[in-house]
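Residue numbers (my numbering), protein chains in the order written: chain A, 3 to 339; chain B, 3 to 339.
Note that the Cβ used here is the ideal one computed from N, Cα and C, for glycine as well.
The structure displayed is predicted, hence computed values, not measured ones.
Number of protein chains: 2
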Amino acid sequence: MIMDERKFRILQAIINDYILTAIPVGSRTISKKYAMGLSSATIRNEMSDLEELGYLAQPHISAGRIPSAKAYRLYVDQLLQNGMIDTIDPIQIQRHFEGRLHKMEDVIRHAAAVLSSMTHYTAVISAPSSPEPHIKRLQLISVSEQMAMVVIITDAGIIRDAMIGIDEGIDNDTLYAISNFLTEKLSGLTFVQALSAINDLLPKMGTKQKLMHGIEALARQSSQKTAPSYTVGGSGNILSYPEYSDIEKARDFLSLIETNEKLAQLMMTNEPVSFTIRIGPETGMPEMRDLAVVTVSYVTGGDSCGTLGVIGPIRMQYPKVLSILQTVSKQLSELLS
Amino acid sequence: MIMDERKFRILQAIINDYILTAIPVGSRTISKKYAMGLSSATIRNEMSDLEELGYLAQPHISAGRIPSAKAYRLYVDQLLQNGMIDTIDPIQIQRHFEGRLHKMEDVIRHAAAVLSSMTHYTAVISAPSSPEPHIKRLQLISVSEQMAMVVIITDAGIIRDAMIGIDEGIDNDTLYAISNFLTEKLSGLTFVQALSAINDLLPKMGTKQKLMHGIEALARQSSQKTAPSYTVGGSGNILSYPEYSDIEKARDFLSLIETNEKLAQLMMTNEPVSFTIRIGPETGMPEMRDLAVVTVSYVTGGDSCGTLGVIGPIRMQYPKVLSILQTVSKQLSELLS
DNA sequence: CGTTAGCACTCATCGGTTGCGAGTGCTAAC
DNA sequence: GTTAGCACTCGCAACCGATGAGTGCTAACG
Numbered sequence: 003m004i005m006d007e008r009k010f011r012i013l014q015a016i017i018n019d020y021i022l023t024a025i026p027v028g029s030r031t032i033s034k035k036y037a038m039g040l041s042s043a044t045i046r047n048e049m050s051d052l053e054e055l056g057y058l059a060q061p062h063i064s065a066g067r068i069p070s071a072k073a074y075r076l077y078v079d080q081l082l083q084n085g086m087i088d089t090i091d092p093i094q095i096q097r098h099f100e101g102r103l104h105k106m107e108d109v110i111r112h113a114a115a116v117l118s119s120m121t122h123y124t125a126v127i128s129a130p131s132s133p134e135p136h137i138k139r140l141q142l143i144s145v146s147e148q149m150a151m152v153v154i155i156t157d158a159g160i161i162r163d164a165m166i167g168i169d170e171g172i173d174n175d176t177l178y179a180i181s182n183f184l185t186e187k188l189s190g191l192t193f194v195q196a197l198s199a200i201n202d203l204l205p206k207m208g209t210k211q212k213l214m215h216g217i218e219a220l221a222r223q224s225s226q227k228t229a230p231s232y233t234v235g236g237s238g239n240i241l242s243y244p245e246y247s248d249i250e251k252a253r254d255f256l257s258l259i260e261t262n263e264k265l266a267q268l269m270m271t272n273e274p275v276s277f278t279i280r281i282g283p284e285t286g287m288p289e290m291r292d293l294a295v296v297t298v299s300y301v302t303g304g305d306s307c308g309t310l311g312v313i314g315p316i317r318m319q320y321p322k323v324l325s326i327l328q329t330v331s332k333q334l335s336e337l338l339s
Numbered sequence: 003m004i005m006d007e008r009k010f011r012i013l014q015a016i017i018n019d020y021i022l023t024a025i026p027v028g029s030r031t032i033s034k035k036y037a038m039g040l041s042s043a044t045i046r047n048e049m050s051d052l053e054e055l056g057y058l059a060q061p062h063i064s065a066g067r068i069p070s071a072k073a074y075r076l077y078v079d080q081l082l083q084n085g086m087i088d089t090i091d092p093i094q095i096q097r098h099f100e101g102r103l104h105k106m107e108d109v110i111r112h113a114a115a116v117l118s119s120m121t122h123y124t125a126v127i128s129a130p131s132s133p134e135p136h137i138k139r140l141q142l143i144s145v146s147e148q149m150a151m152v153v154i155i156t157d158a159g160i161i162r163d164a165m166i167g168i169d170e171g172i173d174n175d176t177l178y179a180i181s182n183f184l185t186e187k188l189s190g191l192t193f194v195q196a197l198s199a200i201n202d203l204l205p206k207m208g209t210k211q212k213l214m215h216g217i218e219a220l221a222r223q224s225s226q227k228t229a230p231s232y233t234v235g236g237s238g239n240i241l242s243y244p245e246y247s248d249i250e251k252a253r254d255f256l257s258l259i260e261t262n263e264k265l266a267q268l269m270m271t272n273e274p275v276s277f278t279i280r281i282g283p284e285t286g287m288p289e290m291r292d293l294a295v296v297t298v299s300y301v302t303g304g305d306s307c308g309t310l311g312v313i314g315p316i317r318m319q320y321p322k323v324l325s326i327l328q329t330v331s332k333q334l335s336e337l338l339s
């Protein structure tokens, strides 16, 4: 059996209807609502075929049918191919960002709020990070006699701060001198490069071993591809959808949203494509079986970039979400550059 | 009518039972489960009195009774007065913090996870902040030709970073010189003091007006008592409790948890007391009517401190929560000092 | 041979009824 | 003051039957 033009049109109608209503759609609905000049009996036969092909499923024998993940994939591919993405007024989104927002963190938090309230799904945004940040400056600030704070500033604007123990008898001025010395030695290096540079320096540093080991540990930690932290907006939105009226499922979703590693897995894009759509099983996570995630990346000056995404039920309003995501992404790029 | 010893014992039994079961408790339950040598009829009379006094309420005529907010307040006051707080093994909590956690943000996130998983309620933790932070260092890093990043480091370890526009023709070295100049002028000052210092400096800065105005705006923003950001753990835990099986209520709760301002209102403690317990209406927020929040503050070296708290249903396991909070608070103070 | 009308059948859902039982207030006796 | 007894209330769960949306199959039609 082959997927012909008519089957596809019917499938499309079913998906459209299901996205709007979330109730299994029957043959009569298609034949009446989406005037295609066919009787319900014919639709029935076609639907039976579509089920055999793996595009439709029946929750139970005497109910309509619902699209499978495979069907959504086909549907989405078709959308993208034909550029069938909603057009929304960018002004409408710009208006949300008019107030003066200075801190990056605030901008991102606000963007997550806007994104979630516009889509009615859950929004996730990662702070911009450079794939290979270069150290720009390293600063030590004494906090107490045994502790200091290390601040490493990179070209991507990432700031890594950590407390480390320091050796006895090091005063503020010495710390400042060391900061300048280390900045000179390390600036322009990536964390991986810095790590070996620090190890080379170790023997020369005499009584500052404890301090240096602290910095080394921080550099090592930073040199590993560290999962960025994510800002979430509208985590409760999922509760509005009937498929998540089950408390158990909703709780699983919320704990997923709170787990940084899981989010990282979802938001990760190896290739810097314009956007990614992952539908249900495509995420590779069993708890995402009936969810879909759409991500777009944004860039801020230089090569550092972040990701913003929307997580919603698998029957997501893809055209709308895609257009909103793209517009917010543009807005975010501008604001953070 | 007066609240006597026996009435109080009965009320206590009712509250205990209701906290455990969440179902309205009847006279028979009290007389049998909590052997107090009284028949259910007597209990019934006392319960009727307690209702008249405003400590009990009946969801409907033929059901048992549930404690009012007033009752919980009495109950909690009694607990505190008698020091009836659970004793938990601090080792058990320490074990959760054994791994090496360098970044403050990670420590807090982890603490929120531990706190929520131990209490089974929602945990909220604010990053430590000093009531009147003093500037330690100000650093400008050029990002592009028109933009620079300002990093202000305070004695509380707070780092305020923001992007500002800079005047044309300022290179990296000049920025560095300005950083040192400004650090010299501003270090040791609070943000409020810095604000006027900057305004004094303005006329002298010649062609760096744009830059200075950027810094001034940042200082002004920082000088206002800014609400700290909160880390939340276990936001979905609330869904486990029958009183929040209502989707509508759960969604309200989740959006509350996401709103920084609301959290700030809940976590705010004007006096630095050891802990605060706010029960239902005492929070002053209508959406918190049947929730309670317990907060404890923790201190990190110096005068900077943060708050950690637990939000749960009004029938919270107060003795358990209090002891866990105190232990985690101690742990957090140690880790961040 | 594809399309469609007709029909028997399935089964989730919804509204109504009923019985149960937990709980109450009241009264009268101890 | 305490308690046994009793009539009464009312939420809740279980049961039941009607409803209707939906299906698959068959036979007739163009």
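Of the residues assessed, residue 209 of chain B falls on the exposed side of the cut-off, its CB having fewer than 16 other CB atoms within 10 angstroms.
Annotation: residue 70 of chain B to residue 299 of chain B spans about 27 Å, alpha carbon to alpha carbon. 247, 249, 252, 253, 256, 257 and 260: these are the residues of the region 246-262 of chain A whose beta carbon lies less than 7 Å from some beta carbon of chain B, given in chain order.
Residue 200 of chain B is outside the set of residues whose beta carbon lies under 9 Å from a beta carbon in chain A. Cβ proximity to chain B below 7 Å picks out nothing from the region 31-53 of chain A.
From the beta-carbon of residue 336 of chain B, no residue of chain A is found nearer than 7 Å; the closest lies around 12 Å away. In this structure, DSSP gives residue 281 of chain B an extended state, which the three-state scheme calls strand.
Residue 179 of chain A and residue 192 of chain A have their C-alpha atoms roughly 22 Å apart. In the DSSP assignment, residue 20 of chain B falls outside any beta strand (DSSP E) and lies within the alpha helix (DSSP H) extending over 7-23. The beta carbon of residue 321 of chain A sits closer than 8 Å to those of 81, 86, 87 and 88, all from its chain and outside the five residues before and after it, given in chain order. Comparing alpha-carbon positions, the option among A:118, A:157 and A:141 lying closest to residue 132 of chain A turns out to be A:157.
Residue state for residue 72 of chain A is assigned as helix, using DSSP reduced to three classes. Rounded to the nearest whole angstrom, the C-alpha separation of residue 152 of chain B and residue 306 of chain A is 18 Å. By the Cβ rule, the region 244-252 of chain A does not count as touching the region 26-37 of chain A, because fewer than three pairs are nearer than 8 Å. Residue 241 of chain A has a beta carbon lying within less than 9 Å of a beta carbon in chain B. Secondary structure note for residue 125 of chain B: its beta strand (DSSP E) is the uninterrupted segment 124-128. For residue 297 of chain A, DSSP records a beta bridge to A:278 and A:311.
For residue 235 of chain A, the nearest beta carbon of chain B is closer than 9 Å to its own beta carbon. Contact between residue 270 of chain B and residue 311 of chain B does not hold, since their C-beta atoms are separated by about 10 Å, which reaches or exceeds 8 Å. Taking a Cβ-Cβ cut-off of 8 Å, residue 333 of chain B has no neighbours in chain A, whose nearest Cβ is about 15 Å from it. Residue 118 of chain A has its alpha-carbon roughly 15 Å from the corresponding atom of residue 108 of chain A.
In the DSSP assignment, residue 149 of chain A falls within the unbroken beta strand (DSSP E) covering 149-156. Chain-order list of chain A residues neighbouring residue 155 of chain B: 141, 143, 151 and 153, by C-beta distance under 8 Å.
Secondary structure note for residue 116 of chain B: it is in no beta strand (DSSP E), and the uninterrupted alpha helix (DSSP H) holding it is 106-121. Put simply, the backbone Cα of residue 256 of chain A is about 7 Å away from that of residue 237 of chain A.
At least 9 Å separates the beta-carbon of residue 230 of chain A from that of residue 171 of chain A.
Cβ contact annotation for residue 243 of chain A (same chain, cutoff 6 Å, sequence separation greater than five): 315, in chain order. In this structure, the beta-carbon distance from residue 211 of chain B to residue 204 of chain B falls below 9 Å. Here DSSP, grouped into helix, strand and coil, assigns residue 137 of chain A to strand.
Neighbours of residue 106 of chain A in chain B, taken as residues at a C-beta separation under 8 Å, are given in chain order as 163, 164 and 165.
Here residue 318 of chain A carries a coil assignment [DSSP, helix/strand/coil]. Counting only residues of its own chain and dropping the five nearest sequence neighbours on each side, residue 29 of chain A has a CB closer than 7 Å to the CB of 42, 45, 46 and 49.
The beta-carbon separation of residue 24 of chain B and residue 291 of chain B, rounded to 16 Å, does not stay under the 8 Å limit for a contact. For residue 40 of chain A, the secondary structure class from DSSP, reduced to helix, strand or coil, is coil. Identification of chain A residues near residue 308 of chain B by a Cβ-Cβ cut-off of 8 Å yields none; the smallest Cβ-Cβ distance measures about 15 Å. As DSSP reads the structure, residue 191 of chain A sits in no beta bridge.
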